[in-house]
Every structure is written in structure tokens, then in C-alpha cells.
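Here is the structure we will look at, set down as C-alpha cells.
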Amino acid sequence: MKDLKQFNIPFVGLKEGSHLFEYQIDKTFFEAFQFDEFNDVNIKADITFVKKSTLFELNFTVNGTVNVPCDVTNELFDLPINGSLDLVVKFGPEFNDEHDEILILPHEAYQINVAQYIYELIVLSVPTKRVHPSVTDGSMQSDALRRLEELRINEEKTVEEDSTDPRWDKLKDLLTDK
């Protein structure tokens with residue numbers, strides 16, 4: 001976590017108003033958090049920092065791609081992600097980050113580290129099911145997809161299951177004999 005000093009925003013010297021901070025996120029950023037699910041990362045994170053007299057408003061936006069394996073074929077592909085987060089920073093007697101959208105800093109604080117918020121925003125912007133775009137449009141050719149196609153249940157077999165078994169027909173005769 002000590003490699004993330006460039007994500008500190010010293011707000012003491014900033015004038016009131018809107019300020020823009022831009023960060024380029026790569027794989028080394030996630031190595032600092034010991035997160036290794038992404039093979040490669042190319043994300044631009046923008047933070048609009050609005051300083052007011054008693055509080056700060058931070059608007060995080062991330063745009064870019066992460067290289068991940070497909071959940072269906074295990075092929076690597078660049079997954080585009082977009083996300084945004086709004087955060088309000090207030091001051092109080094002690095640090096408190098229990099609320100998702102409100103951060104309370106102690107009165108003596110002079111800077112805020114935004115690395116954790118960027119990390120969480122990127123990780124939560126990745127969908128839980130990651131499917132290669134060529135799989136969804138049907139143009140991908142891979143061994144895994146060919147094997148899945150071979151093992152797919154044919155609809156003709158399900159029609160045969162709807163007909164009754166002749167052994168059960170004998171039991172039905174017992175009901176009609178009464």
C-alpha cells in the first residue's frame with residue numbers, strides 16, 4: 001500500500017471550487033492490493049474534486065479495459081468497463097467510513113488517499129459473468145465450444161421422453177378395471 005502515494009490528494013492548499021485529478025491505472029496498481037484476477041489493465045480514472053467550505057464532493061469515473069479469461073471458453077479478452085461513484089467527505093472527531101457514500105475525516109486531516117475507492121470501483125464494475133464477445137455473437141471457434149456443442153441435449157430426445165413407458169400402461173389398466 002505504500003506504493004500508492006500518488007493517490008493522495010492534499011486538500012489543505014486547494015482553493016474552493018472544482019478540481020480535476022486524472023490517473024492512469026495499470027496492473028501494478030492491483031499488485032499493491034494483492035489482486036491478481038486481471039492479466040492486464042488499461043483504465044483511466046478521473047476524479048472531480050469539489051471543495052466547499054465545510055465538505056468535499058468527489059465524483060469518480062473509470063473507463064478502460066481489463067484483460068480477463070472468458071467464463072465459457074477460458075480465452076483471454078479485453079473486457080470494457082465503465083463505472084462511477086459519488087463520495088461526500090465531511091469532518092468529524094474521528095475517522096469513519098462505515099457509510100458507502102459518506103466519509104468522515106478527523107479535523108486534523110490534511111489529505112485523502114483515493115486509491116481504495118478507485119480499486120473498489122474498478123473491481124465492482126467488472127461483471128460477475130465474463131463472456132467473450134465472440135461467444136455471444138457465435139463467431140468464436142474453440143475446442144471448449146465444440147465440445148459443449150457435442151454434449152448439448154438434442155430436442156428430439158426430449159420428445160421421446162414425453163411418451164409413456166409401456167410398463168406404466170399396465171398399471172393404468174388396473175385403474176380402469178374397477
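For the sequence shown, full-length UniProt numbering assigns the number 1 to the initial residue and increments by one for each residue that follows.
Yeah, the Cβ is synthetic: ideal placement off N, Cα and C, and Gly gets one too.
Going by the CB atoms, is the gap between residue j and residue i shorter than 8 angstroms?
i, j, result
"Ile-118", "Ile-25", "yes"
"Asn-63", "Ile-43", "yes"
"Lys-51", "Leu-14", "yes"
"Asn-113", "Leu-4", "yes"
"Phe-49", "Ser-84", "no"
"Val-12", "Lys-27", "no"
Please determine, among the options, the residue with the shortest C-alpha to C-alpha distance to residue i.
i, options, result
"Glu-22", "Phe-29, Val-12, Leu-14, Phe-7", "Phe-7"
"Asp-78", "Gln-141, Glu-150, Asn-39, Ser-18", "Asn-39"
"Ile-47", "Val-88, Ser-53, Asp-36", "Val-88"
"Phe-35", "Gln-141, Val-62, Ile-122, Leu-174", "Ile-122"
"Glu-57", "Val-41, Ser-84, Phe-95, Ser-18", "Ser-18"
"Asp-86", "Leu-103, Glu-94, Asn-96, Trp-168", "Leu-103"
"Phe-91", "Pro-80, Gln-111, Thr-28", "Gln-111"
"Thr-128", "Arg-147, Thr-61, Glu-37, Leu-20", "Glu-37"
"Asn-82", "Leu-20, Thr-54, Ala-45", "Ala-45"
"Pro-80", "Pro-133, Asn-59, Asp-143", "Pro-133"
"Glu-31", "Gln-116, Asp-169, Leu-174, Phe-11", "Gln-116"
Run through the DSSP bridge pairs and tell me what residue i is partnered with.
i, result
"Val-66", "Val-41, Leu-79"
"His-132", "In DSSP, His-132 forms no bridge with anything."
"Leu-20", "Thr-48"
"Pro-166", "Paired residues: none, contrary to the question."
"Ile-25", "Ile-43"
"Pro-10", "Gln-111"
- Are the region 97-115 and the region 66-76 touching by the rule of at least three beta carbon pairs closer than 8 angstroms? no
- For the region 68-117, which segments carrying the beta strand (DSSP E) assignment without a break, of at least 3 residues, lie completely within its bounds, in sequence order? 76-92, 102-106, 111-113
- Every unbroken beta strand (DSSP E) inside the region 28-64 [3 residues or more]: 40-51
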